[in-house]
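Colleague: Can you read through this structure? Questions will come right after.
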Amino acid sequence: MQQRFSYQREQIYAALQQTTEHPTAEMIYARLKPEMPRLSLGTVYRNLRQLAQDGQVTELSGPVARFDPVTRPHTHFCCTRCGAVSDLDIPYDGSLDQIAAGDGRHVRQHSLTFYGLCPACANENKSNSK
């Protein structure tokens, strides 16, 4: 069940849709606060969680929750140095769900995240080792 229209929720959702960085609540708060001085961090958290519960965004679990406006199944890459999260363009054909559904299991969803160094951190790592 979706909640009633809220200007703050709409602005939070719009801010999320305008980026591919899979922001945290704090990142969205920092982006919106100058334009919305009465906005609180708690409001951002509540609205992001409500958007996730309504299926409008995906909440990525981790040490710090990040949010993704893309709700279709897809793969992520997380940099273990800087924490950046990005989408990987790997075709999704449902075969992993079918494999996991063996032995009578019922798969509702799955999450696949690769971990390593993003290009910027990998290049910095190369520069520091010379």
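Under the numbering used here, think of the first position of the sequence shown as 235, with each following residue one higher.
Using N, Cα and C, we set each Cβ at its ideal position, and we do this for glycine too.
Under 8 Å between the Cβ atoms of His-344 and Leu-294?
Modeller: Cβ distance not < 8 Å, so His-344 and Leu-294 don't count as in contact.
Colleague: When you compare only the Cα positions, how much space is there between Pro-325 and Arg-306?
Modeller: If I take the Cα positions, the gap works out to 12 Å.
Colleague: Inspect the beta-carbon positions of Leu-250 and Pro-303 and report whether they are closer than 8 Å.
Modeller: Yes; because the gap between Cβ atoms is below 8 Å, this pair is in contact.
Colleague: Among the candidates Cys-352, Gln-245 and Tyr-279, whose CA atom is the shortest distance from the CA of Met-270?
Modeller: Selected option, being the one with the closest Cα: Gln-245.
Colleague: State yes or no: is the C-beta of Leu-282 within less than 8 Å of the C-beta of Phe-311?
Modeller: No; because the gap between Cβ atoms is not below 8 Å, this pair is not in contact.
Colleague: Based on Cα-Cα distance, which residue from Leu-351, Gln-252 and Ala-335 lies nearest to Ala-318?
Modeller: The shortest C-alpha separation from Ala-318 is found at Leu-351.
Colleague: Helix or strand or just coil, what does DSSP make of Asp-327?
Modeller: Here Asp-327 sits in coil by DSSP.
Colleague: In three-state terms, what does DSSP make of Met-235?
Modeller: Unreliable positioning characterises Met-235 in this predicted model, as indicated by a pLDDT of 48, which lies under 50. The coordinate reading is nonetheless provided below. It is coil, neither helix nor strand.
Colleague: Beta carbon of Gly-314, beta carbon of Leu-322: below 8 Å?
Modeller: The sequence shown places Thr at residue 314, not Gly. Result no, Cβ atoms of Thr-314 and Leu-322 do not sit closer than 8 Å.
Colleague: Taking only three categories from DSSP, how would you classify Asp-288?
Modeller: In the structure shown, Asp-288 sits in coil (DSSP, three-state: anything other than H, G, I, E or B).
Colleague: For Glu-293, list the residues DSSP reports as bridge partners.
Modeller: DSSP lists Phe-301 as partners of Glu-293.
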